[in-house]
Structures are given as C-alpha cells and as structure tokens.
Amino acid sequence: MNIEKKLRTAASSAIHSIYNYDVKNEDIQIQSTSNEYDGYFTILLFSFSKKFNEDPGMIGKKIGNYFIEHEDFIEDFNVEKGFLNIDINKLSWLKLFYNISSDDNWGFKKDLGKELMVEFSSPNTNKPLHLGHLRNIFLGDSISRILKAVGYKVHKVQIINDRGIHICKSMIAWIKFGKGDSPEKSGMKGDHFVGKYYVLFQKELNRQIQKQIKKGKTEEEAEKNAEIFLEAKDLLIKWENRDPEVRKLWKLMNNWVYDGFDKTYKTLGVNFDKIYYESETYLYGKKEVEKGLNKNIFFQKEDNSIWVDLNKHGLDNKLLVRSDGTSVYITQDIGTAILRFRDFPKIEKQIYTVGNEQEYHFKVLFKILEIQGFDWAKECFHLSYGMIDLPSGKMKSREGTVVDADKLLKEMVHISAKRTKELGKINDFNKDEQKLLFEKIALSAVKYFLLKIDPKKSMLFDPNESIDFQGNTGPFIQYTYARIISILERSKNIGIKDDFDINVNVNDINEFEKKIIYLLSVFPDKISIAASEYSPSIIANYIYDLSKAYNRFYQEISIFKEEDSETIIFRISLSRTVSKVILNGMKLLGINMTNKM
RNA sequence: GGUCCCGUAGCUCAACUGGAUAGAGCAACUGCCUUCUAAGCAGUAGGUUACAGGUUCGACUCCUGUCGGGAUCACCA
536 MNIEKKLRTA
546 ASSAIHSIYN
556 YDVKNEDIQI
566 QSTSNEYDGY
576 FTILLFSFSK
586 KFNEDPGMIG
596 KKIGNYFIEH
606 EDFIEDFNVE
616 KGFLNIDINK
626 LSWLKLFYNI
636 SSDDNWGFKK
646 DLGKELMVEF
656 SSPNTNKPLH
666 LGHLRNIFLG
676 DSISRILKAV
686 GYKVHKVQII
696 NDRGIHICKS
706 MIAWIKFGKG
716 DSPEKSGMKG
726 DHFVGKYYVL
736 FQKELNRQIQ
746 KQIKKGKTEE
756 EAEKNAEIFL
766 EAKDLLIKWE
776 NRDPEVRKLW
786 KLMNNWVYDG
796 FDKTYKTLGV
806 NFDKIYYESE
816 TYLYGKKEVE
826 KGLNKNIFFQ
836 KEDNSIWVDL
846 NKHGLDNKLL
856 VRSDGTSVYI
866 TQDIGTAILR
876 FRDFPKIEKQ
886 IYTVGNEQEY
896 HFKVLFKILE
906 IQGFDWAKEC
916 FHLSYGMIDL
926 PSGKMKSREG
936 TVVDADKLLK
946 EMVHISAKRT
956 KELGKINDFN
966 KDEQKLLFEK
976 IALSAVKYFL
986 LKIDPKKSML
996 FDPNESIDFQ
1006 GNTGPFIQYT
1016 YARIISILER
1026 SKNIGIKDDF
1036 DINVNVNDIN
1046 EFEKKIIYLL
1056 SVFPDKISIA
1066 ASEYSPSIIA
1076 NYIYDLSKAY
1086 NRFYQEISIF
1096 KEEDSETIIF
1106 RISLSRTVSK
1116 VILNGMKLLG
1126 INMTNKM
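In the numbering used here, the protein residues as written are 536 to 1132.
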C-alpha cells in the first residue's frame, strides 16, 4: 500500500468536494515532513492558493478537517503556513511496515530485459593503482550494482591501455637496469615492480635532460633528443612492426602488471565480465575511420592525416589518424565502442566511468559515433567524476605525492586492527576471523569514504588524517548493523518468535519507530534516484540516515524490557528489516557487512 | 581567450531537483555505560549559502553580471 498515492487520491477528492475543482493526482506535491513539525507526510498547498483565491493555511485547514471526517487512515494533521502535515493511523503504519518486512527484495526491481555496459578502472599498465583509481573502481562497481537493482543486465568491462609509449618506457628501463630481475625474484607485487622501472626511466631521462641543458640546449630540445627517450620510441616502432623479441618482453611485463592488478581487485572485491585490450582494438578503430573517410564524413589533409570537422556541432576539428598512419587515443576508443556493440548487440548504451578531465574527449567521441550513424551513440554516457586532491594540491606522480592504493589499504587494515583490539569486544575471534574482520572494516571505511561524496564533485583526502571510523563512515554503519544482529541473536536464543504479521496487536508505535518505517519505505525511491543520477552517494547518505534513526531508537527504547510480547515481536521485526535494508544498501556500494565487531 | 564545472559552519560533506527556522560528521565544550555492543546517544557553540542584481507566494537551487578556484581546447593518453 503506497501512502503517498493514497494521500494524493484523498487530497484530490477533498479538493473536489470542498472547491468543486478537479486536480490530477500527480499535481499534488507531497514531501516528507520537516523534523521540527509533527507529522510524517506533508502536502504543499501554495499552488492552490491562487486558484481558489484563498490563504494556503485556510485551504490546509479545510482539507485537514475533511480528512479527519472522511479518511480513516489519517490520524492527525496540523497546518503551518502552506504546509499540511499529516500523520497516519497505527494500522496504516503497520500495513506499510508489513509490506516492507515481508518483501525480501524490498527496493529491487524485476529484470527489465534490458542490457547495458559499464566501463571502469581501465588503467595504464606502467604503474600501480592509486587513490584516484579507487574512486573510479568503486564508482563503476557500485553504479553497476545499482543499475542491476533497477532491472538492467549489466556488463562490466575495462579497456586496458596496454600499448603505447608509457609501457615502452618501463620496458627500456628494465632492459637497461633490470639485470633479469622479476617480481618473483624480488618478491615485489608485479604492478609495483613494473612501476619501479617507470620511475627509473623518469630519473634517467631527467639526468640526461639536465646534462644536455648544461651543454646549452633548451629543455624541449633536450627532452626530444634524450637517448633513453629515443630508445623507448624505437621500442614502440619495433612493437608496431611486431618485432618478436619486443613483443615477448612487452607481454611478459604486462602480465606482471596484470598479476598485480588482479591481487588488488581481489582485495577490493571487484571483478569484470570482459576485458578489452587496446592492442587488440586500435587497428579496428583505424578501419572504422577509413570507412568514414570513404563515406566522406571525415576528411584527409595533404599530409595524409585524417580529421573530422565538428565545428557545426560546437566542437573543433579533431585528428583521427596521424600523418604517419598511426592511431591516436580517440581512434581506438571509436573502434572499441563499435566492437562492444557488436559483441553485445542487446546493450542499449555504454557508461564510461572516466575522470572529468576527459569531458571534452567524450563529447567528441559520442558526436563522431553519431555522425558515423550509430543510433546508440546518443544514449552513451560519460560518468564523469571529480579528481581527488591533497591538502597540498593535486596528486602528482612526478613529485611522488600519489597515494598508492595498496599502501593505503594496508594502512587502513592496520588502523582498524589497532582500534578493534583497543575496544576489546572480539576476544572470541580466532586469528583468521580477526584478519577477515579487520579487512572488512578497513575496506568499508575506504569505500564509504569515496562513495558518500557526489561523484561530480572533486574531493579532498588528507593522508595525515587518514579516514575516520566515527560519524558518517563505513565502520559506523558496520557497527549499527552488528548491534542489530546481536539483538536478533539474543531474541532467537530466548525463544522470541520473529513472525510479525498484520494481525500482531501492537500497543502503540512511537515516533522513533515511525521515523524508521518512513525511512524504510523510501528505499526504492533512493535506488531509483541513485540509478538515474548515476550517484551511489544517494544510497550512502540514505543508509547513514537510516542507521542514525535506528541508533536513536536503540538508545531510547529497550526492546527486551518491554512487557507486551506482541510489541517485542514488532520491534524485533523492525530491527530485522532495518538490518536487511542496511545489508542490501551497502551491497549496492560493494560493501560487505560483518555480524560482529 | 573560447567552452564546461565548482564556491554552503574552522575542516569534510548533505539539503528529496523551487518549499518551512539551510542539516550531518570531524575538531571544541557539557551530560549519558551495575540496563539489548559508548566505533553509540543527547545537548551547547559555530552561517548574510563568494558578491551584486533579477525572476515569484517562496531561491543554496533558475537567469544576468562580478570575483575566486579547477578542468579542457595536442599528430599526449
């Protein structure tokens, strides 16, 4: 039973009866009542004031009185300015609650038979993942779960930037300084191992540049002509020409990186349905560009470079293939996009989880695909998110201020272990259980920290302050959940039947319980909004509100001291339902819960 | 310079898409553990929503301008 719908119907019939005016149900504005006023549902009356040439407060009183006389589900009302605040009766609250408690999939929609694709993570293969990647990965993973919750079949994919000058830089440094070392021999994680050589390349490059500058060259000249840079470029050309030795090393080093990434993904609890590699798609993109050239939607300059003119769409001319025939970044993106729609013909659109620095790139990409005649291009969406800044400013790999993902996670596990031990509530945990718990708490802290903020906004991370465990945080929600589980355990142990149904005769429902039921009732709306806005932060903040409301209830109301046995059943069921929504809501954020902490 | 985004308590973020006296957390201060987990709860203090206009019953939200910050406009990715 949908209360808002009932209220709309009731209000329109009230208006019809009082003013002899027909108003559509959807034209009646309803919102939740502000905390300072009595009531839980509020009808806005301002828009009727002109129509009936009457003070909105008076309209509210008339409608309210009509409700009391004609609508028995309405318990009470008050009018403040143009706001008609309403409380419903006990039976309606119980019905509303029963509707939620008896539905194990509360908030989740049935399969729509529609498909879509979400791209996220998609790192370069020359260095390990950092905090920015974590925001990307959690966002992409969470939005995939949320879209699934509203009924889509979701394909999670990556495009791995496995080819290009960046990996050649690591390769040449390894050839020069590696002496046959490997992750196995050195005991390093593969991505960090390869990253080390990327850094070595930069160091050597700088050394050579400084040397040349001393000899009187400009910085630009020095960089272009630095020996190690030329060697890296040479490797790239050899790679393009499929030199077997170079390809062999390339494969070896990329696999080291993938090994490392896989370990990180595993600790993060994310996975992908299909992985695309740029080395396999970039030629495909070139073919599509040539097709467009033949169709005259692109044009070629005298030097053989291929371009698209997007000026009439408010964008610029964009290069698609270089004069030497090699492809640029967008070439492979065109190819990959088309390939994906061929691989998955049923997908309606693709969602690209990529930082906001690439907004222009995606505008251009979608427009090009549209010009090429792909109808789905209009549906594609760039899930753009803001950068993570440090108190000192931007993260810069050159200045070594990048927050390494693996290191951060390790630190968080360490902090959560320390804290948990201090509180001393888990003495019955064995070593394995402890480890699992510390990891869960740490990961929930990091994921929640990154997901609670609106993706569009850039955010700040202070490595010195690390990530909180109190207040609006993952651990706070874990804690609330663990408390509820503890109550449910106890009720089971003392033999209370958790079999609430509509016939259970509850004495009274207090304000804390009403607030909780109200919050539970809006869970489906929150999922819908999160999906349509591509914003997991809606879910995160909602779960926080629900947890707070439950903690308040927990503090004020003693469940087991209650004398009326039916009220106890109701409260146990209420607790169980809150735990269910917390569990499912957090699952949408990709966060696993612990039963005890 | 063109285009786009952002500016809310000391700090980090919300605000149901135009609704009530702008809310939380952190930091500070004050209470609450012989009672279901104190990683909790309650309270005090903290604001001209960058600034100036406009639109209307009503603006953090929409429009215009100004100031401040960021991104982007590569034969880089």
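Ideal Cβ positions, reconstructed from N, Cα and C, are used throughout, including at glycine.
Nearest neighbour of Asn1076 by Cα position, chosen from Met1121, Lys586, Ser1056, Ile903, turns out to be Met1121. The C-alpha of Glu968 lies about 11 Å from the C-alpha of Asn962. In this model, Gly890 and Glu957 are separated by some 39 Å (Cα to Cα).
Shown here, Thr888 sits in a strand according to DSSP, grouped into three states. In this structure, Ser656 places its C-beta atom within 9 Å of the C-beta atom of His668. Here Ile886 is near Phe916, since their CB atoms are less than 9 Å apart. Looking at the backbone, the Cα of Leu1023 and that of Phe1004 are separated by about 24 Å. Going by DSSP, His690 is part of the beta strand (DSSP E) stretching over 687 to 695. The criterion of a C-beta distance shorter than 9 Å is not satisfied by Asn1042 and Asp1080. Pro926 is classed as exposed because its beta carbon has fewer than 16 other beta carbons within 10 Å across all chains shown. For Asp844, the enclosing beta strand (DSSP E) starts and ends at 841 to 844. When C-alpha distances from Gly725 are compared across Trp791, Leu784, Asp697, the shortest belongs to Trp791. Comparing C-alpha distances from Gln867 to each of Glu1068, Ser1070, Thr816 shows the shortest one belongs to Thr816. Residue environment analysis places Met593 among the exposed positions, since fewer than 16 neighbouring C-beta atoms fall within 10 angstroms of its C-beta. Buried is the label assigned to Tyr1016, since at least 16 other Cβ atoms lie within 10 Å of its Cβ. About 7 Å separates the Cβ atoms of Leu674 and Leu918, confirming a contact at the 8 Å cut-off. Distance from the CA of Ile748 to the CA of Ser705, rounded to the nearest whole angstrom, comes to 24 Å.
Within the segment 622 to 654, the complete beta strand (DSSP E) segments of 3 residues or longer fall at 649 to 654, listed in chain order. Lys960 sits in coil when the DSSP states are folded into three classes, being neither helix nor strand. When Cβ pairs closer than 8 Å are counted between the two stretches, the segment 676 to 691 is seen not to touch the segment 733 to 749, the count staying below three. Looking at the DSSP output, Leu619 bridges to Ile578, Val614.
In the DSSP secondary-structure assignment, Met994 is bridged to Ile923.
Contact between Asn1130 and Ile1020 holds, since their C-beta atoms are separated by about 5 Å, short of 8 Å. DSSP assignment within the segment 960 to 1039 yields no whole beta strand (DSSP E) run of 3 residues or more. Between the beta-carbon of Lys982 and that of Gly1009 there is about 6 Å, and that keeps the pair under the 8 Å contact cut. Using a Cβ distance threshold of 9 Å, Val689 and Met652 count as a contacting pair. Taking 9 Å as the cut-off, the beta carbon of Ser721 is found closer than this to the beta carbon of Phe728. Less than 9 Å divides the Cβ of Thr1112 from the Cβ of Ile635. Using a Cβ distance threshold of 9 Å, Glu1000 and Lys649 do not count as a contacting pair. Leaving aside the five residues that flank Gly642 on each side, the residues in its chain whose CB is nearer than 6 Å to its CB run, in chain order, Phe1058, Pro1059, Ile1062. Lys822: member of the alpha helix (DSSP H) spanning 813 to 829, first to last residue. Between the C-alpha atoms of Ile832 and Gly860 there is a straight-line separation of about 18 Å. His665 counts as buried, since at least 16 other C-beta atoms from the protein chains shown sit within 10 angstroms of its C-beta. Exposure of Asn829 is indicated by the presence of fewer than 16 other C-beta atoms within 10 angstroms of its C-beta. Residues Asp622 of the same chain have their beta carbon placed closer than 6 Å to that of Asp611, with the five preceding and five following residues left out of the count. Note that the C-beta distance between Gly921 and Lys987 is not below 9 Å.
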